[in-house]
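Per my numbering: the sequence shown = residues 476 to 693.
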Amino acid sequence: MNRTYSIAIVAASLVVASSVASCSGTPDITFGSPITTGAPISVPAGEVPFSQWPDTCTLLTDQEITAILPQATDITRKPKKITLLGRLGTVNPDLSVSGGSSGGVLPKGTCAYSFTLPNEHDLKGLTFLEVSLPAISTPATIAQYYDEQLSTHGKHLDVGSAWGPQRCDVRTESVIEAVCQSGRFYFEISTEAERTSNDDWREKVLKPAVQTLSTHLR
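Listed below in structure tokens is the structure:
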């Protein structure tokens with residue numbers, strides 16, 4: 476009798492718990508595939524004047540973001556300035572100097588793309604993709620700059636050209652971030668996982684975002 480009573484109570488509890496979960500259920504986050512809606516960015520040859528530096532808030536369109544995350548709404552962009560230090564060039568045998576650059580401030584060198592996704596509290600969960608473009612130069616100079624930056628980005632995984640650009644490294648710690656070289660451009664992109672694992676978010680959000688950026692920066 477006691478055993479039957481216990482089983483009945485457990486069964487009833489499961490029914491109640493199931494009904495509560497279904498009442499407060501939140502739509503699963505869905506993932507799409509990358510698309511490209513714009514042309515490659517055009518910049519002058521040689522050292523790019525800061526006045527002609529690309530606006531990072533134009534690198535991803537709303538359509539490109541919703542192609543990756545179809546439920547994304549309320550997409551906004553907030554530019555952030557970055558300060559670049561000058562780089563000493565290399566003195567050539569003929570005493571000319573190559574590879575150097577002057578420092579300065581880029582008012583829109585970084586952009587935070589913010590948007591909302593469904594979350595477990597049925598509220599608007601704020602999510603972001605942050606894109607930075609701190610270096611444009613010759614491919615050889617960018618390759619050197621890339622190697623210098625890797626030492627400041629913690630543990631990382633070399634994915635080579637598998638993500639689109641000719642070279643990318645992905646952070647393997649708690650931060651979801653990639654650093655990439657695409658031709659004359661060096662860019663960084665970071666994000667945070669929403670209701671899934673970091674590994675899942677890297678593959679389904681960070682990777683297609685990098686693939687999209689590489690079609691504009693090449």
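The beta-carbon is built from N, C-alpha and C at its ideal position, and this holds for glycine as well.
Since the structure is predicted, the reported quantities are computational estimates derived from the model, not experimental observations.
Within 10 angstroms of the Cβ of residue i, are there 16 or more other Cβ atoms? Answer buried if so, exposed if not.
{"i": "Ser718", "result": "Not covered by the structure: residue 718. The range shown for the chain is 476 to 693."}
{"i": "Glu539", "result": "buried"}
{"i": "Cys498", "result": "Note that Cys498 scores 38 on pLDDT, short of 50, meaning its location in the model is unreliable and no value can be drawn from it."}
{"i": "Leu681", "result": "buried"}
{"i": "Val580", "result": "exposed"}
{"i": "Gly584", "result": "buried"}
{"i": "Gly639", "result": "buried"}
{"i": "Pro582", "result": "exposed"}
Going by C-alpha distance, which of the options is nearest residue i?
{"i": "Glu678", "options": "Arg659, Phe660, Leu692, Glu652", "result": "Glu652"}
{"i": "Ser665", "options": "Ser672, Ser517, Val685, Asp675", "result": "Val685"}
{"i": "Ser517", "options": "Pro683, Lys583, Arg659", "result": "Arg659"}
{"i": "Ser589", "options": "Ser636, Ser626, Leu544", "result": "Leu544"}
{"i": "Gln624", "options": "Asn594, Asp644, Glu605, Thr511", "result": "Asp644"}
{"i": "Tyr621", "options": "Thr591, Leu592, Cys655, Ser607", "result": "Cys655"}
{"i": "Gln527", "options": "Ala615, Pro683, Ala610, Thr505", "result": "Ala610"}
{"i": "Ala618", "options": "Arg646, Gly635, Thr551", "result": "Gly635"}
What number of angstroms, rounded off, separates the C-alpha of residue i from the C-alpha of residue j?
{"i": "Pro519", "j": "His628", "result": "29 Å"}
{"i": "Pro554", "j": "Asp503", "result": "30 Å"}
{"i": "Thr533", "j": "Ser649", "result": "28 Å"}
{"i": "Leu688", "j": "Leu535", "result": "7 Å"}
{"i": "Lys556", "j": "Ser612", "result": "19 Å"}
{"i": "Glu663", "j": "Arg670", "result": "23 Å"}
{"i": "Asp537", "j": "Asp633", "result": "29 Å"}
{"i": "Asp530", "j": "Thr548", "result": "22 Å"}
{"i": "Gly507", "j": "Cys586", "result": "22 Å"}
{"i": "His691", "j": "Thr512", "result": "9 Å"}
{"i": "Ala668", "j": "Thr591", "result": "12 Å"}
{"i": "Ser672", "j": "Val606", "result": "21 Å"}
With DSSP as the reference, label residue i as helix, strand or coil.
{"i": "Lys630", "result": "coil"}
{"i": "Ala668", "result": "coil"}
{"i": "Ala754", "result": "In the structure as shown, the chain starts at 476 and stops at 693, and residue 754 therefore has no counterpart that could be examined."}
{"i": "Leu625", "result": "helix"}
{"i": "Ile611", "result": "strand"}
{"i": "Ser508", "result": "coil"}
Those runs of the alpha helix (DSSP H) which lie wholly inside the region 511-570 and span at least 4 residues: 537-543
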